[in-house]
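> Position one of the sequence shown corresponds to residue 8 (my numbering), numbered consecutively onward. Yeah, the Cβ is synthetic: ideal placement off N, Cα and C, and Gly gets one too. None of these values were measured; they are calculated from a predicted model.
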Amino acid sequence: MLLTGDDFNDLFRSFEASAFKMETRDFYDVEGERTEFRLFLDGGRMPEEWHDNPWVREIVGAGKTMSRVHVLRSPLTDYLRFELGWGYPGNIAAGENIQIVDLTEKAVDGLPDHDFWLFDDSRIYRMHYTDGGEFIGAAPLADESLETYRSYRDTALFHGEPYLSYWARAQA
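Right, here's the structure in full:
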């Protein structure tokens with residue numbers, strides 16, 4: 008069973024303390040970003056409303072934590088330059104902790120080849136996408152997978168570089 012729409016969004020209303028996301032793709036086709044992605048590709052300026060993410064701010068303001076690690080390979084795709092340059096700064100400003108693992112800079116064993124969310128260190132949802140990067144849904148995983156996914160998270164956080172330092176180097 009894949010969660011989509013309101014069922015998926017309920018995960019963010021129902022978690023109590025922490026939400027962690029592992030990202031592994033170099034392209035996401037997000038309907039709500041298509042206009043901004045085109046603007047980015049055309050050399051436009053980041054929209055003012057992207058300088059802060061109210062959704063993340065609300066979650067963090069409620070005393071919860073949000074974090075993610077994006078596992079990627081440079082050179083960065085156009086989409087990754089967009090995501091890191093326009094998407095992540097507003098999330099950081101709102102209180103999300105974002106780290107990067109660039110596998111072209113160092114080999115890191117023990118990481119998955121797919122995205123997932125880990126809520127409250129106890130509920131895992133594997134993300135599913137079309138080949139073109141459109142979100143299909145999130146599949147809940149069984150409790151016996153919990154230690155594996157905690158290990159993925161811990162490995163990624165251990166090897167991750169804080170977003171701000173990674174991005175400063177990537178733009179140099």
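Beta-carbon within less than 7 Å of residue 85's beta-carbon, same chain only, minus the 5 sequence neighbours each way: which residues are those?
The count along the sequence shown starts at 1 and reaches residue 85 at position 78. For residue 85, where only same-chain residues beyond five positions count, the Cβ hits under 7 Å are 48.
> Taking the straight line between their C-alpha atoms, what separation do you get for residue 60 and residue 173?
Here residue 60 refers to the residue found at position 53 when the sequence shown is read from its first residue. Here residue 173 refers to the residue found at position 166 when the sequence shown is read from its first residue. Cα to Cα, residue 60 sits roughly 21 Å from residue 173.
> Bridge partners for residue 109 per DSSP, in chain order?
By 1-based counting over the sequence shown, the position of residue 109 is 102. Answer by DSSP bridge pairing, in chain order: 79.
> Give, in chain order, every unbroken run of the alpha helix (DSSP H) that is at least 4 residues long and sits entirely within the stretch 125 to 173.
Whole alpha helix (DSSP H) segments, 4+ residues: 153 to 166.
> To which residues does DSSP link residue 30 through a beta bridge?
The count along the sequence shown starts at 1 and reaches residue 30 at position 23. DSSP output for residue 30 lists 77 as bridge partner(s).
> To which residues does DSSP link residue 104 through a beta bridge?
Stepping through the sequence shown from its first residue, residue 104 is reached at position 97. Answer is 74, bridged to residue 104.
> Report yes if the CB atom of residue 148 is closer than 8 Å to the CB atom of residue 133, and no otherwise.
Counting from one through the sequence shown, the residue named residue 148 turns up at place 141. Counting from one through the sequence shown, the residue named residue 133 turns up at place 126. Closer than 8 Å, so yes.
> Determine whether the beta carbon atoms of residue 107 and residue 156 lie at a separation below 8 Å.
On the sequence shown, position 100 is the one that residue 107 refers to. On the sequence shown, position 149 is the one that residue 156 refers to. No, these two residues do not count as a Cβ contact at 8 Å.
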